[in-house]
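Structure record follows, encoded as structure tokens.
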Amino acid sequence: MAVAPEQLDREKICPFLIKIFIVEKQPHQIKKYRFKDYPEDCIEYQTWFDCTLFELTKEIMDLRRNLFKRACQLEFRIIKFDSELKSFDGLNIGTTNSTHTEEIDDGKVKLSSTRFEIGNWIEVCIKPLEEKKVEHFSRNLKEGGIEAEKEARRGRVFGKTVHIEAIDGIVIASKGAKARMIIEDQDTNEL
34 MAVAPEQLDR EKICPFLIKI FIVEKQPHQI KKYRFKDYPE DCIEYQTWFD CTLFELTKEI
94 MDLRRNLFKR ACQLEFRIIK FDSELKSFDG LNIGTTNSTH TEEIDDGKVK LSSTRFEIGN
154 WIEVCIKPLE EKKVEHFSRN LKEGGIEAEK EARRGRVFGK TVHIEAIDGI VIASKGAKAR
214 MIIEDQDTNE L
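Here's what the structure looks like:
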């Protein structure tokens, strides 16, 4: 593996071509790459080793505007072929977001500071930045079941402290570290 210098003169150094696979909501399974089941959305981009994740984020946002109607998080990983194991391997290299306002933003990470080699691919998983509304409610776990759950989500309180979090229509209620119940929210119009 050749180590690239930190500062490159982009006018004197020839860029290389990189394949960037774009997936939404969850990463593509690594084992699927082995069977040539690649993500359908692919960008071919010429860049240098001093390219940052911010530059890649900007390029993806320019080329795929339809994916960024809301604020999004972009998770980058290198997809490389391991010739010894005869299989593909993935290595997470950083996370950015479309608003550049989050505390966790690896936009300054350069390809040269990762294990990226010419010939590797990059997969970018685009996830919407959701408002993680985590609210603490009080209610009695012994009373009410689903109805008590709906009441608690409306903000009414009943007794013991419970942590409730809604993620993609699934409500997770827990006390401490133990999950108490997982129910699907079938009637979201009521809430």
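Numbering of the sequence shown is given in the working numbering, commencing with residue 34 and proceeding in unit increments. Where a beta carbon is used, it is the ideal one built from N, C-alpha and C, also for glycine.
Sheet register partners of residue i (DSSP bridge)
i    : result
Y78  : I51
L107 : T129 and I159
N227 : The chain is shown only over 34 to 224; residue 227 falls outside these bounds and no answer can be derived.
I151 : N153
V56  : C158
G45  : The question names Gly, but residue 45 in the sequence shown is Lys. Note: K45 sits in no beta bridge, so no partner.
K113 : D122
Residue i: first and last residue of the uninterrupted beta strand (DSSP E) it sits in
i    : result
T129 : S120 to N130
Buried/exposed call for residue i, threshold 16 Cβ in 10 Å
i    : result
I46  : exposed
I51  : buried
K64  : exposed
E156 : buried
E77  : exposed
Chain D contact for residue i (CB, 9 Å cutoff)
i   : result
T90 : Although the question refers to chain D, the structure presented lacks it and comprises just one protein chain.
Residue i, enclosing alpha helix (DSSP H) - first and last residue
i   : result
F87 : L86 to L96
R67 : I63 to R67
Pick from the options that is closest to residue i, judged by C-alpha positions
i   : options                  : result
K91 : R67, L144, G123 and T132 : T132
F68 : C158, F121, D83 and L107 : F121
F82 : K64, V157, V142 and E156 : V142
E88 : V56, K102 and L107       : L107
Check whether residue i and residue j have beta carbons under 9 Å apart
i    : j    : result
F109 : D139 : yes
P60  : G123 : yes
F101 : I151 : no
N153 : I93  : no
Cβ-heavy atom distance, residue i to the ligand MN, below 8 Å
i    : result
N130 : The ligand MN is absent from the structure shown, which contains no ligands of any kind.
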